[in-house]
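Novice:
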Amino acid sequence: MLIQAGSEDPVVDDAKWLAAYAREHGVDAHLELYPVAAHLFHLFWSFLPEAADAVSSAGKIIQQGRSTPPPAAEV
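For reference, each letter of the sequence shown is one residue, going 1 to 75 in my numbering.
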């Protein structure tokens, strides 16, 4: 699970809580904080370098996930 947030985003504490909660429950959660205040800062990828970095990071994680087969289901 990838969680990205701005370090000054009003909901950054929620992002931190979600990452911790997911990890406590066995989820491989990655929290990435970027030095921005805007919520949904990804929308500004074309002119905000931090947003472009976040989108690039998400793309890399998606590519990694596509190359990893899903875990076998328990029967």
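Beta carbons are placed, not taken as given, at the ideal position from N, Cα and C, and that holds for glycine.
Since this is a predicted model, take the numbers as computed values, not measurements.
#1: Output the distance between the C-alpha atoms of leucine 18 and glutamine 63, rounded to the nearest integer angstrom.
#2: Could you give the residue range of the beta strand (DSSP E) that holds glutamate 32?
#3: Given a cut-off of 7 Å, decide if valine 12 and alanine 5 are closer than it, judged by their beta-carbon atoms.
#4: Candidates Glu74, Lys16 and Ala51: which alpha carbon is nearest leucine 40's?
#5: In whole angstroms, what separates the C-alpha of leucine 48 from that of leucine 33?
Specialist: On the basis of the supplied data:
#1: 23 Å
#2: 30 to 34
#3: yes
#4: Ala51
#5: 15 Å
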